[in-house]
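Undergrad: Numbering (this note's numbering), first residue to last: 825 to 1273.
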Amino acid sequence: MEKVRVRYPPSPTGYCHVGTARMAVVNYLFAKKHGGKIFFRSEDTDKERSKREYEEDIIEQLHWLGLGWDDFSRTTELVESHKTAMHKLVGEDKAYVSKEESKKNPGEFVEVVRLRNPGRSVTFTDVIRGDITFDTTELGDFVIGRAIDDPLYNFAVVYDDGTQGITHVIRGEDHISNTPRQILIQEALGFPRPVYAHYPLHLGADKSKLSKRTGDVAVRSYREKGFLSPALLNYIAILGWTPPSGKEILSLDEMVAEFELENLHKSGAVFDMEKLRWYNRHYLSEMSVEDFNAHALTVLRAAITARNLSWNDAGEKILSLIREKISVWGDISDLVAEGEFDFAFSAPVLDPAKIPGKGDDAAAGAKHLHHVRALLEKLSEADFRDSERVKAALWDYATEAGRGSVLWPLRYSLSGREKSPDPFLIASVIGKSSTIERVEIALNTLQSS
RNA sequence: GGCCCUAUCGUCUAACGGUUAGGACGGAGCCUUCUCAAGGCUUAAAUCAGGGUUCGAUUCCCUGUAGGGUCACCA
């Protein structure tokens, strides 16, 4: 096979989209698998909608995902050669300038360029779907330029693909009906036909093309929510492709090794946020404790501050707890916002009715009061260095007295929450004096109620 | 609507024309446990319909149905 050359042709008319990332992943895997080159071409022919800011975002997010390229260009910077080519086409009478009323601005007359459509049927072979035939007569003499010096996308891509020697055009199936048009232009221009592969689109929950309406599509928003790039990359790659090994968790290199266009699926796949979260959880679990803690600490600190709680060293002690609770970094903020970790930063406000423990009525209060008193004594002698030691100091008593009736009131006294980490952990996190203080508050609350 | 594409559990998917139709996410249940989470185990759940071809269709063909894509002086 000739040397593989593929392209990323995003149009910078919006932030980097999940679809843009998928286009890049598929092309990247194919190019790397075959030792080919990747041409990043910013398709900015639509001057009104294209923005440098979007282009920068696409570059940034693709890099974040680890998807590089070998060459970079912008369509508008290539426009001189497009003009020359278009003039040549008109000179050869393969295209012509047509003066007509502007569709965009009715009343105004413009000179658009139309391709002379030979009007025959075009068949191309799609690597994923096999032969596809179109009758191009219904296309008519379609427009390839807004003006002789202002080429449209279809003309520009075909020309650039031709001059850059692109061998494989790998793109979403939304481009499949564009293909016959492009083939006609390509033939008029005298370029060889590349190999085409149209993969299915990622779908929203309602099974329509993934869009802002159906969910988050901006790569940056996933990044902001705290998804890890290998997780997003892995999910985007695997959704619509099954590697021969059947593995679901793969690094970029492993994907390259297993990739073949033939294994791309034919039907669209729904983008499932839950599965993405599962992937992220997996990659989070592979992080070293140091790396995890360093990042979690930053997020936690910001979230605690945002909740107007004062930061203290208990924060570092709940990191292990956070590790088993989150799927994405952003979950930390959500958990904090829900008050999940308030116990570490401030004493809880207690509801006396809840202290006795679930399932018990107020009459049982005296019994629990007794337990809590006994605990106070044990607590004052306990070693608070870690939760295991706190547990050791209380476990026998709790077992003897009935764990539920001892541990529930204790946990509630310390956390003020019906659902919380275990009381030993909370005690070790907040320390001996706070623990005793909180139990005493609970005692007083119970006595005065 | 025209043209094009597609069709296996709720979702992502596997299965030389012969399997008890397998796996993953999510769900349910159980274990662990003072609660929540995590973890372990178990489990429910699918071949769109109708015709062919065949000894035998998830698999091949046709029709229907459903879904999607596309019909720009956007890309």
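Glycine included, each C-beta is placed from N, C-alpha and C at the ideal position.
What separation, rounded to the nearest whole angstrom, lies between the Cα atoms of glutamine 1006 and isoleucine 1073?
TA: Within the first sequence, the letter at position 182 stands for residue 1006. Within the first sequence, the letter at position 249 stands for residue 1073. Rounded to the nearest angstrom, the two C-alpha atoms are 37 Å apart.
Undergrad: Go to alanine 919, then tell me how far its beta strand (DSSP E) extends in each direction, as first and last residue.
TA: Translated into the one-based positions of the first sequence, residue 919 becomes position 95. Where alanine 919 is concerned, the enclosing beta strand (DSSP E) stretches over 919–925.
Undergrad: Alpha carbon to alpha carbon, what distance is there between alanine 1012 and leucine 1063?
TA: Position 239 of the first sequence, counted from the start, is the residue given in the question as residue 1063. Position 188 of the first sequence, counted from the start, is the residue given in the question as residue 1012. Each residue's alpha carbon lies about 37 Å from the other.
Undergrad: From the DSSP output, which residues share a beta bridge with arginine 829?
TA: Locating residue 829 in the first sequence gives position 5, counting from the first residue. Lys861.
Undergrad: I need the DSSP call for alanine 1266, collapsed to helix, strand or coil.
TA: Stepping through the first sequence from its first residue, residue 1266 is reached at position 442. Three-state DSSP puts alanine 1266 in a helix.
Undergrad: From what residue to what residue does the beta strand (DSSP E) around arginine 1235 run?
TA: Position 411 of the first sequence, counted from the first residue, corresponds to residue 1235. Run containing arginine 1235: none in the beta strand (DSSP E); it sits in the alpha helix (DSSP H), 1227–1239.
Undergrad: Histidine 841 bridges to which residues according to DSSP?
TA: Residue numbering aside, residue 841 sits at position 17 when the first sequence is read from its first letter. Answer is Ala1042.
Undergrad: Going along the chain, which residues of its own chain have a beta-carbon closer than 8 Å to the beta-carbon of leucine 1121, five neighbours each way excluded?
TA: Translated into positions along the first sequence, residue 1121 becomes position 297. Within the same chain, leucine 1121 has close Cβ partners Gly1139, Glu1140 and Leu1143.
Undergrad: For the beta strand (DSSP E) containing valine 946, list its first residue and its last residue.
TA: Locating residue 946 in the first sequence gives position 122, counting from the first residue. Per DSSP, valine 946 belongs to the beta strand (DSSP E) from 945–950.
Undergrad: Counting Cβ pairs closer than 8 Å, one from the stretch 871–887 and one from the stretch 1073–1088, do we hit at least three?
TA: With the cut-off at 8 Å, the stretch 871–887 and the stretch 1073–1088 do not touch.
Undergrad: Taking the alpha helix (DSSP H) that threonine 987 belongs to, which residues open and close that run?
TA: Here residue 987 corresponds to residue number 163 of the first sequence, with the count starting at 1. Counting along the chain, the alpha helix (DSSP H) containing threonine 987 begins and ends at 977–987.
Undergrad: Quick one, are the C-beta atoms of phenylalanine 1167 and leucine 1133 less than 8 Å apart?
TA: Within the first sequence, numbered from 1, the residue matching residue 1167 stands at position 343. Within the first sequence, numbered from 1, the residue matching residue 1133 stands at position 309. No, they are not a contact pair.
Undergrad: Judging by CA-CA distance, which residue of Val1019, Ile882 and Thr837 is the nearest neighbour of alanine 845?
TA: On the first sequence, residue 845 is found 21 positions in, with the first residue counted as 1. It is Ile882.
Undergrad: Residues bridged to leucine 1088 by DSSP?
TA: For the purposes of this step, residue 1088 is identified with residue 264 of the first sequence, where counting begins at 1. DSSP, once it has assigned bridges, lists Trp1065 as partnering leucine 1088.
Undergrad: In its own chain, which residues sit with a C-beta less than 7 Å from the C-beta of asparagine 1002, not counting the 5 before and 5 after it?
TA: In the first sequence, the residue the question calls residue 1002 occupies position 178. Within the same chain, asparagine 1002 has close Cβ partners Asn978.
Undergrad: Considering just the uninterrupted stretch of the alpha helix (DSSP H) at isoleucine 1009, what are its terminal residues?
TA: Stepping through the first sequence from its first residue, residue 1009 is reached at position 185. From DSSP, the alpha helix (DSSP H) with isoleucine 1009 extends over 1003–1013.
Undergrad: How would you label arginine 1037, buried or exposed, when you count the other beta carbons within 10 angstroms and need 16 or more for buried?
TA: Taking the first sequence and counting its residues from 1, the one referred to as residue 1037 is at position 213. The residue in question, arginine 1037, is exposed, as its Cβ has fewer than 16 Cβ neighbours within 10 Å.
Undergrad: Serine 1157 by DSSP, collapsed to three states: which one?
TA: The sequence position of residue 1157 within the first sequence is 333, counting from 1. Looking at serine 1157 - three-state DSSP - the assignment turns out to be helix.
Undergrad: Tell me which residue opens and which closes the beta strand (DSSP E) that phenylalanine 1083 is part of.
TA: Against the first sequence, residue 1083 aligns to sequence position 259. Where phenylalanine 1083 is concerned, there is no enclosing beta strand (DSSP E), given that its DSSP letter is neither H nor E.
Undergrad: Could you check what DSSP says for threonine 960 in three-state terms: helix, strand or coil?
TA: Along the first sequence, read from residue 1 onward, the residue named residue 960 stands at position 136. Here threonine 960 sits in helix by DSSP.
Undergrad: Look up alanine 1029 in the DSSP assignment and say whether it is helix, strand or coil.
TA: Translated into positions along the first sequence, residue 1029 becomes position 205. Three-state DSSP puts alanine 1029 in coil, outside helix and strand.
Undergrad: Please list, in chain order, all residues of the same chain as valine 1214 whose beta carbon is under 7 Å from its beta carbon, the five residues on each side excluded.
TA: Here residue 1214 corresponds to residue number 390 of the first sequence, with the count starting at 1. Contacts found: Ala1206, Phe1208, Phe1248, Ala1251 and Ser1252.
Undergrad: Suppose you measure from the CA of glycine 1050 to the CA of glycine 843; what does that come to, to the nearest Å?
TA: Reading the first sequence from its first residue, position 226 is the one you call residue 1050. Reading the first sequence from its first residue, position 19 is the one you call residue 843. Cα-Cα distance, rounded: 19 Å.
Undergrad: Would you mind sorting isoleucine 1150 into buried or exposed? The rule is 16 or more other CB atoms within 10 Å of its CB.
TA: Position 326 of the first sequence, counted from the first residue, corresponds to residue 1150. It is buried - the Cβ of isoleucine 1150 has at least 16 other Cβ atoms within 10 Å.
Undergrad: Buried or exposed for aspartate 1155, going by 16 or more other Cβ atoms inside 10 Å?
TA: Mapped onto the first sequence, residue 1155 falls at position 331. So aspartate 1155 counts as buried.
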